[in-house]
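Numbering (the UniProt record's numbering), first residue to last: 1 to 347.
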Amino acid sequence: MFFDFSSAFNTIQPDVLCQKLQKTQVGTSTIAWIKDYLTNRPQFVRLKNCTSNQAISNIGAPQGTVLSPFLFTLYTSDFQYKSETCHLQKYSDDSAVVGCIRDGQEAEYRELVERFVAWCGNNHLTLNVNKTKEMILDFRRNRVESNTVSIMGEEVEVVEEYKYLGVHLDNRLDWRKNSEAVYKKGHSRLHFLRTLRSFNVCSKMLQIFYKSVVESVISSAIVCWGSSIRSRDLKRLNSLITKAGSVLGTTVEPLEEIMRRRILQRIKKMMDNPEHSLHKTVRQRKSVLVRYVKFIKVIHVSIYKLFVHPEIFSACCLCRVSVYVTHQNKITCSSPKTNDVTAILQL
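Here is the structure:
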């Protein structure tokens, strides 16, 4: 379930935030500075030569600042939940409850939703129920209709697609919608690259523009979806990269190499950080990858693990692996390349 807040940053209560910061042992001077930053803020509206009277704001955080999302993260940090079947995923004001429901046991999932809604009310956060959506991933042939979830007396709409943190998710996890969106956005950015070349911009500047504007769009969240997209979509995106290379006059790294490099970087960060929540999981997977070098094995990863930890799934599949979803809710993948395994073992 994907939650949507109404004016999230505007509802931060400075006094409540300061109390939470005190519990986390933040310095007194820092708390005083944050409170001064959020209170007694003058605001006015200017239209051409007309200026309204000033109004003093003591609630919320300024819009468009770097600090506001971080303050909201601190404001909501005291509500956390993680179990074997349910957990709450938060990134600034984008929150989602993920649950793995087996044999129709929805009690924990619904209880977590109710607890989160109650916590929002106690912390002066308003949920926009109309924009809050639920997406159900059910790969069984005979699907069972689940009861709708209600928040504050309103039913939450069940959708087949949802855009979360810039990535288009769908209830089949085939990434078609996301691949199409990435292609269109990358194609529009490619037009700007061609325009710059027509102005005789130097090659170095063109490459910087490609890396920061074009490639960043095409490879956004590639660790999550890169190993699972259709071959047709992969060819389309690679053709886009090839066109960009012709504009730059040089060979550009294909999507598979970008994906492989990003996955290795992500795994290295997990292995180097003992505090990372997936540190132990990656260490355990390392021994599994060794056996892949000798012979092909089949991995079965639950849909829940794929959804909750897509980077681990991508790390095991290692980019060039065919992925199939069976009727038993399993993911079947073949062996990765030997050089990729060697790179993992050298981290």
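All C-beta atoms in this analysis are idealised placements derived from N, C-alpha and C, irrespective of residue type, glycine included. These figures come from a predicted structure and were not determined experimentally.
- Looking at 93, 44, 82 and 49, the one whose alpha-carbon comes closest to that of residue 68 is 93.
- Looking at the DSSP output, residue 162 shares a beta bridge with 169.
- Nearest to residue 40 by C-alpha distance, out of 183, 269, 9 and 60, is 60.
- Counting of Cβ neighbours within 10 angstroms places residue 91 among the exposed residues, the total staying below 16.
- Beta-bridge pairing by DSSP links residue 150 to 155.
- Between the stretch 245-252 and the stretch 195-208, the count of Cβ pairs shorter than 8 angstroms is three or higher; the stretches touch.
- Cβ-Cβ distances below 8 angstroms link residue 22 to 31 in the same chain, with the five nearest sequence neighbours on each side left out; the list follows chain order.
- Residue state for residue 12 is assigned as coil, using DSSP reduced to three classes.
- Counted as a single uninterrupted DSSP element, the stretch harbouring residue 127 is not any beta strand (DSSP E), since DSSP gives it neither H nor E.
- Rounded to the nearest angstrom, the gap between the Cα atoms of residue 26 and residue 97 is 28 angstroms.
- Taken in chain order, the complete alpha helix (DSSP H) segments of 4 residues or longer contained in the stretch 79-129 are 107-122.
- A Cβ-Cβ separation of about 5 angstroms places residue 88 in contact with residue 81 under the 8 angstroms criterion.
- Separation of residue 157 and residue 79 (C-alpha to C-alpha, rounded to the nearest whole angstrom) is 24 angstroms.
- Around the CB of residue 86, 16 or more other CB atoms lie within 10 Å, so the residue is classed as buried.
- Under the three-state reduction of DSSP, residue 278 is assigned to coil, being neither helix nor strand.
- Sixteen is the threshold: when 16 or more other Cβ atoms of the shown chains lie within 10 Å of the Cβ of residue 186, as they do, the residue is buried.
- Put simply, the stretch 143-157 does not touch the stretch 165-176. Fewer than three CB pairs are less than 8 angstroms apart.
- Residue 43 places its beta carbon 8 angstroms or farther from that of residue 124.
- In this structure, the CA atom of residue 188 is about 11 angstroms from the CA atom of residue 195.
- Just measuring C-alpha positions, the residue of 199, 241, 231 and 130 sitting nearest residue 258 is 241.
- Per the coordinates, the alpha-carbon of residue 53 lies some 10 angstroms from the alpha-carbon of residue 46.
- Take residue 148, set aside five residues on each side of it, and the residues of its chain with a beta-carbon closer than 6 angstroms to its own are 155, in chain order.
- Put simply, the backbone Cα of residue 110 is about 14 angstroms away from that of residue 102.
- For residue 11, the closest alpha carbon among the candidates 51, 35, 72 and 223 is that of 72.
- Between residue 119 and residue 178, the C-beta gap is not smaller than 8 angstroms, which leaves the two residues out of contact.
- Judged by DSSP secondary structure, residue 260 falls outside any beta strand (DSSP E) and instead within the alpha helix (DSSP H) spanning 255-272.
- Cβ atoms of residue 4 and residue 171 stay farther apart than 8 angstroms, at about 19 angstroms.
- Taking 8 angstroms as the cut-off, the Cβ atoms of residue 262 and residue 219 count as close.
- Within the model, the alpha-carbon separation for residue 112 versus residue 192 is close to 46 angstroms.
- Taking all protein chains shown into account, residue 64 has fewer than 16 neighbouring C-beta atoms within 10 Å of its C-beta and is therefore exposed.
- Distance check between residue 136 and each of 126, 34, 99 and 274 places 99 closest, using alpha-carbon atoms only.
- DSSP, reduced to helix, strand and coil, places residue 202 outside both helices and strands of the structure shown, so it counts as coil.
- For residue 56, the pairing in a beta bridge is given by DSSP as 42.
- Here residue 5 is bridged, per DSSP, to 127.
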